[in-house]
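Student:
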Amino acid sequence: MGGAEPLRTAEGGRARTAGNPVAPPGRTPYRRLMPELRTDRLVLRDWRTSDLDPWAAMNADPVVREYFPEVLTRAQSEASVAGFQADLDRRGWGWWAVEVVATGEFVGFTGLDPVEDGMPFTGVEAGWRLARPAWGHGYATEAARAVVSHAFECLALPEVLAVAAAGNLRSRAVMDRLGMTRDPADDFDDPEVPEGSPLRRSVLYRLRAGDHRPGGR
Ligand SMILES: CC(C)(COP(=O)(O)OP(=O)(O)OC[C@H]1O[C@@H](n2cnc3c(N)ncnc32)[C@H](O)[C@@H]1OP(=O)(O)O)[C@@H](O)C(=O)NCCC(=O)NCCS
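For the sequence shown, the tail end lands on 217 under UniProt numbering, and the numbers increase by one without skipping.
1) Determine the DSSP secondary structure at residue 277, reduced to helix, strand or coil.
2) Are Leu-7 and Trp-55 touching if we call contact CB-CB under 8 Å?
3) Where does Asp-89 sit, in a helix, a strand or coil, going by DSSP?
4) For the candidate residues Ala-173, Arg-206, Arg-182, Gly-104, whose alpha-carbon lies nearest to that of Ala-151?
5) Under DSSP, the beta strand (DSSP E) around Leu-42 begins and ends at which residues?
6) Between which two residues does the alpha helix (DSSP H) holding Leu-54 run?
7) Run through DSSP, which three-state label would Asp-190 get?
8) Using 7 Å as the cut-off, classify the Cβ of Arg-170 as near or not near the heavy atoms of ligand 1, replying yes or no.
9) When you measure from the CB of Gly-179 to every non-hydrogen atom of ligand 1, does any distance come out below 7 Å?
10) Where DSSP assigns a beta bridge to Thr-110, which residues make up the other side?
11) Would DSSP call Arg-213 helix, strand or coil?
12) Determine the DSSP secondary structure at Ser-171, reduced to helix, strand or coil.
13) Mind checking who Ala-102 pairs with in its DSSP beta bridge?
14) Is Val-174 near ligand 1 - that is, is its Cβ less than 7 Å away from at least one heavy atom of it?
15) If you draw a straight line from the alpha carbon of Gly-108 to that of Ala-97, how long is it in whole angstroms?
16) Looking only at its chain, what residues have a beta carbon closer than 6 Å to the beta carbon of Ala-60, apart from the 5 residues adjacent to it on each side?
17) Within 10 angstroms of the Cβ of Ala-10, are there 16 or more other Cβ atoms? Answer buried if so, exposed if not.
18) May I have the straight-line CA-CA distance separating Phe-106 from Asp-51, to the nearest angstrom?
19) Cβ of Val-64 versus every heavy atom of ligand 1: is any distance shorter than 7 Å?
So this is what it looks like as structure tokens:
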């Protein structure tokens, strides 16, 4: 089945294989450079071709995209995945695909990314987006906890940020559950959202490494 194929990126194919390659006789098996992140119920992993259909479908869902300026076309969704996988291949972290272990179902993404140029702050932000049927199970918070732990314990980042349109209360609730805090003085107008849009007013949450409680609060 082609659907389980790992995605190949434009950067000359995958830098790593999905599992540990077979080691030469007498040698320890190679360790994979980028670990999959595992939680009780989820695996955060590389992207597969079988993720493209559900990823495009969720990005075409106006409810999932309620706090974004527009829904995404199939082409935009495919391009985004190519970019995510290229980032994972290049640096070992980024926007991971999220799969429910019990069912093998792809449900969305969670990860880390450097803040875009042009924002009124710099750093690395965490983010999450799930298909609607995956809401209300605690998956986003569970995946985000793994990502934040990875940011502090493996990448040694001093701080993780998170950003949302001010009205995106579900996303802000994830930030609250992670123990992130918001200073209203950091509220800002997102330059990527058209002027006049009610989505432009945005909030910034922060979590310093020293304030991180790995198991939650
Ligand atoms: C933001 C988003 C990921 C949040 O999803 P979510 O399901 O609300 O958040 P979680 O996965 O953490 O789930 C929490 C909910 O699951 C419930 N839950 C059920 N079973 C649970 C379990 N075993 N463990 C923990 N929580 C559980 C919690 O009580 C909570 O319910 P509540 O919302 O009624 O309070 C989702 O709304 C989404 O994808 N939105 C569209 C994209 C988006 O806006 N992304 C963010 C951009 S800034």
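Backbone N, C-alpha and C fix where the C-beta goes; we use that ideal spot for every residue, glycine too.
Tutor: According to the data block:
1) There is no way to answer for residue 277, as the model of the chain reaches only from 1 to 217.
2) No, these two residues do not count as a Cβ contact at 8 Å.
3) Of the three classes helix, strand and coil, the one that applies to Asp-89 here is helix, per DSSP.
4) Nearest of Ala-173, Arg-206, Arg-182, Gly-104 to Ala-151, Cα basis: Arg-206.
5) Leu-42 -> beta strand (DSSP E) spans 42-45.
6) Per the sequence shown, residue 54 should be read as Pro rather than Leu. Unbroken alpha helix (DSSP H) run through Pro-54: 52-59.
7) Secondary structure at Asp-190: coil, using DSSP grouped into helix, strand and coil.
8) Within 7 Å of the C-beta of Arg-170 there is at least one heavy atom belonging to ligand 1.
9) No; taking the cut-off as 7 Å, the Cβ of Gly-179 has no heavy atom of ligand 1 nearer than that.
10) According to DSSP, Thr-110 bridges with Trp-96, Trp-128.
11) Here Arg-213 sits in coil by DSSP.
12) Residue state, collapsed to three classes: helix.
13) As computed with DSSP, Ala-102 is found in no beta bridge at all.
14) With a cutoff of 7 Å, Val-174 counts as near ligand 1, since its C-beta is closer than that to a heavy atom of the ligand.
15) One C-alpha to the other measures close to 6 Å.
16) Within the same chain, and ignoring the five residues on either side of Ala-60 in sequence, the residues whose Cβ sits closer than 6 Å to its Cβ are Val-71.
17) For Ala-10, the predicted model reports a pLDDT of 43, less than 50, meaning its position is unreliable; a value from the coordinates is still stated below. Burial is judged here by how many other beta carbons sit within 10 angstroms of a residue's own beta carbon; Ala-10 has fewer than 16 and is exposed.
18) Distance between the alpha carbons of Phe-106 and Asp-51: 6 Å.
19) Val-64 has its CB nearer than 7 Å to a heavy atom of ligand 1.
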